[in-house]
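> Counting with the numbering used here, you get residues 26 to 714 for the letters of the sequence shown. We treat Cβ as the ideally placed atom computed from N, Cα and C, and that holds for glycine.
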Amino acid sequence: MSSIINESFDALADGAIPASLTLSASAVWGAGGLGYNGSGKAFQSVASTVARYAYGNLTGNPLCVRGSFWVKTPDDPAYGNQVVSLANAGATSGGLVTFKVDPGQFRIIAGGTDTLLQAFSPNTWYFVRVLALMLSGPVNKYAIEITPAGGTPTLYANTSNGGYNFNTGTATNLGRLILTSQTVSAGVTAGTVSVIDELQVNSLDSTATTYVVSGPTNIPAGSPATFNISLPTDAYIPANVTFTPSDGGAGGTFSPTTVVLTPYMFNVPFTYTNSTTGAKNISVTNSSSLTNPSPVILNVDAAGNGLAVTPFAVPFAQRSGDVKGKGGSALIQFSGTYTTGTPTGLEWRFMPDAGPNNANGTWTAWTALSSATIGSGAWTGQATLPAGQGPLQIRWTNDTTAVTTTYYSVGDIVGCWGQSNMSGRGTSNQVAAHPIYQAKNYGNDDVYKDLVDPYDSGVGQIDPISSDGTGATNGSYIIALGQNMMSYSNCPVMFVPAARGGTAINLWAQPTNHVDTTTYYGSGMRRLKKVISQAQSGAVNGSVKAIIWHQGESDESQTQTYYANALNALVNAVVGDLPGCKFMPALLQKISNTGYVPGGVATINLAIKQVSTSNTNAPLGADLSDLTLAAPDSNDNLHLNSSRVLTFAADRWFQAMLLNLWGAGATTTPAPTTTPRFIGSSSIPSLPL
């Protein structure tokens, strides 16, 4: 379970000496102390006459602990000490690894041994960083850095599993961060010994497989632009990774030319400067096997109007007006600012078939933004973008210096609901690549990203209700389905997963609060509505094309009437919340697992056909009813495991979309990958091509 605690008692830049670090007894700490209550940030009373401390109960493994603080104490033996502890769950001070400030010296306590690190001058401010990384069991590495104000830092560290350890000995509670300050004693005034703390705790769920590059969209020529390389939420790297930025030979300079992330770090910046105007593609490669993200587009502007376009959190809009699955458009509301002069109007153009790095595309003609408002340094306007994916440019009518946005997509948005076979239980992650379009995914971490397996990953999960756990999801048929859809429709697709293994249909009933994230329906609906309202960021009359549904294995003991009534209620609920959205239930595969009722799936399929026939909002999804799961394509005669059976399911889903969603009629399924397509076997029927 992910756990992040992030608190700053005072907004201090690392290394900056604050104007005042004196706290009164009734100030920040209060009479009883300040702490976390284990369920979020909260003040609570700590009944203690000997110490004031802040702590947070932590869950999850691996774990990274990072803390930094300023400290100054008088050289008064009567005073006592200040402590930062990495301690087990029952401790209130001390602990298995304790960094201690005694009068005149810094010390560390580990395993009962109290060791002097270094002496320090009284009444001098010191900046201290404490780092600890626990990948499994005890701390694998730790480091303590001590820097006197204006001086040189000294690093104390262990680099192996030996030395000072931090381990609570429990599987569910990894312990507490404790910040301690002894009470005043004779001759010491309250507040003269102070700690101002910045603490961050991350429960690290998985090794990072990708990273994010972020930065500004516009910068004046010759001015440095600061970019940041960061890891996904709750992911970590076990070893140093070197990142190398590039502008593809556009003549700019990077400082530094390479940057390094260590296991103690989660982000690192670099700057880019270019004196020539125009759009620059800033790409980054890495020395490890991390998947490199798409290039970031930076507009280097001439000194002039300072036109800027407000970026979209998730630049993807559902198209409307398509004919048999092709074409269509979306009306998008754009906004931004300008700094100098006054535009007489605003124009846009779009490259809907750009391909990687704008290699293949053709710009549309410059067209005036409709419903434009301009004034006081701000502007808004609307553009009807055709279906496609690529950069968009906006400029003044009276100034041809154009601003290029990051890639915008107009295509189909598909929700993925159901149980484990929808979530993905393939033996291996699936891979597909389209020469022009990049399929997208709105992950369980509420992050817009490229579509890769496991697409239903639980890393950084926002709504715990739909999490199958870290590492539980693997290969899926969604990768090949996205490839098939894009190859036919000539526009991108975005998936929004919300499936959860083992869920029966009654668990998907609509709650009173339709976006209640403690329910499966509410969690899935929250994320789809967020895609519409926030992610599409200005798409007028935004919508979702369809929710595809692969569920029923857990209901195979139910009657046809029971399942049909529950499914019909679910379809009507979805359409009420998402007007225009279609709900597509799949006909289930045959299950030969001995733990299931013989013929039970056939009963569920009859119920699905009943609803699909009677409810126009429930067109039939993939017909998998002639698929019998057995080795080598299923490890348990229940789940779709092999790559070829996942490809088969993707083809069946695509055929269902052609026939029942787009009304396009049967057609040859585009090959989802360069891997040869299978023809069939005794356990998997041939798919007509």
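Between the region 289–309 and the region 239–257, can you find at least three pairs of beta-carbon atoms closer than 8 Å?
At 8 Å Cβ cutoff, the stretches touch.
> Start and end of the beta strand (DSSP E) containing D437?
Its beta strand (DSSP E) spans residues Y433 to G443.
> Within a Cβ cutoff of 7 Å, which residues of the same chain sit near D378, ignoring the five residues on either side of it in sequence?
Excluding sequence neighbours, D378 sits near N385, G386, T387, G413, G415 and I461.
> In the DSSP assignment, find the alpha helix (DSSP H) that holds L671 and state where it starts and stops.
L671 -> alpha helix (DSSP H) spans S668 to A681.
> Please state whether DSSP places S562 in a helix, a strand or coil.
The predicted position of S562 is uncertain, since its pLDDT is 46 and thus under 50; a value taken from the coordinates is nonetheless stated next. S562: coil per DSSP, three-state reduction.
> Leaving out five residues before and five after S239 in sequence, what residues of the same chain have Cβ atoms less than 6 Å from its Cβ?
Only N253 meet the Cβ criterion.
> Since V540 is in the alpha helix (DSSP H), which residue starts that stretch and which ends it?
First-last for V540: undefined, no H or E at that position.
> Within 10 angstroms of the Cβ of G361, are there 16 or more other Cβ atoms? Answer buried if so, exposed if not.
By the neighbour-count rule (16 or more Cβ atoms within 10 Å), G361 is buried.
> Nearest by alpha-carbon distance to A681: which of D658, N666, D648 and A656 is it?
Ranking D658, N666, D648 and A656 by Cα distance to A681 puts D648 first.
> Closer than 8 Å is the cut-off here; do at least three beta carbon pairs connect the region 515–527 with the region 426–440?
Judged by Cβ distances under 8 Å, the region 515–527 makes contact with the region 426–440, as three or more pairs qualify.
> Given that a residue counts as buried once 16 or more other Cβ atoms are within 10 Å of its Cβ, and exposed if not, what is N660?
N660 should be labelled exposed.
> Could you pull out every residue in the same chain whose Cβ sits closer than 8 Å to the Cβ of T389, ignoring the five residues on either side in sequence?
Closer than 8 Å at the Cβ level, and outside the excluded window around T389, lie R374, F375, M376, P377 and P411.
> Rounding to the nearest angstrom, what Cα-Cα distance links K349 and Y513 in this structure?
Cα to Cα, the separation comes out at about 10 Å.
> Per DSSP, what kind of secondary structure is R420 in: helix, strand or coil?
Strand.
> Classify L686 as buried or exposed, calling it buried when 16 or more other Cβ atoms lie within 10 Å of its own Cβ.
It counts as buried.
> Tell me the rounded alpha-carbon separation between N662 and Q614.
Between N662 and Q614, the C-alpha separation is close to 10 Å.
> How long is the line joining the alpha carbons of I419 and P336, rounded to whole angstroms?
Rounded to whole angstroms, I419 to P336 spans 12 Å at the Cα level.
> Can you give me the C-alpha to C-alpha distance between Y467 and D481, rounded to a whole angstrom?
Rounded to whole angstroms, Y467 to D481 spans 9 Å at the Cα level.
> Which stretch, first to last residue, makes up the beta strand (DSSP E) that contains L323?
V321 to D326 is the extent of the beta strand (DSSP E) around L323.
> Please report the straight-line C-alpha distance between M510 and A689, rounded to a whole angstrom.
When rounded, the distance between both Cα atoms is 12 Å.
> Which value, in whole angstroms, describes the spacing of the CA atoms of G120 and Y261?
Interpretation of G120 is limited by its pLDDT of 36, a score under 50 that renders its predicted location unreliable; no figure is taken from the coordinates.
> With distances taken between CB atoms, is the gap from L603 to V636 smaller than 8 Å?
No, the pair does not count as a contact, with Cβ atoms beyond the cut-off.
> Let me check one thing: in DSSP terms, what residues is Y473 bridge-paired to?
For Y473, which the question treats as bridged, DSSP gives the partners Y467.
> Helix, strand or coil for G132? Go by DSSP, reduced to three states.
Correcting the residue identity first, residue 132 is Arg in this sequence and not Gly. R132: strand per DSSP, three-state reduction.
> Considering only C-alpha positions, which residue in the set I357, T367, D347 and V325 is nearest to P340?
The shortest C-alpha separation from P340 is found at I357.
> Which whole-angstrom value is the C-beta distance of N630 and L612, which I expect to be below 8 Å?
About 5 Å separates the two Cβ atoms, so the contact holds.
> Report the partner residues of F291 according to the DSSP bridge assignment.
BP columns for F291 are empty, so no partner.
> Cβ atoms of D471 and I490: under 8 Å apart, would you say?
No. Outside cutoff.
> According to DSSP, is A275 helix, strand or coil?
Here A275 sits in coil by DSSP.
> Give the DSSP-derived three-state secondary structure of N593 in the structure shown.
N593 falls in the helix class under three-state DSSP.
> With respect to 7 Å, is the separation between the Cβ of G413 and the closest non-hydrogen atom of the ligand SAH below this value?
In the structure on display, the ligand SAH does not appear, and there are no ligands present to speak of.
> For W574, which residues does DSSP report across the bridge?
According to DSSP, which records beta bridges pairwise, W574 is partnered with W442 and P610.
> Starting from G413, trace the beta strand (DSSP E) in both directions and tell me its first and last residue.
Segment G413 to G415, the beta strand (DSSP E) holding G413.
> Going by DSSP in three states, I616 sits in which element: helix, strand or coil?
The answer is coil: DSSP assigns I616 none of H, G, I, E or B.
> Bridge partners for L552 per DSSP, in chain order?
A quick correction: the sequence has Arg, not Leu, at residue 552. In DSSP, R552 forms no bridge with anything.
> Taking the alpha helix (DSSP H) that N630 falls in, what are its first and last residues?
Where N630 is concerned, the enclosing alpha helix (DSSP H) stretches over G625 to S639.
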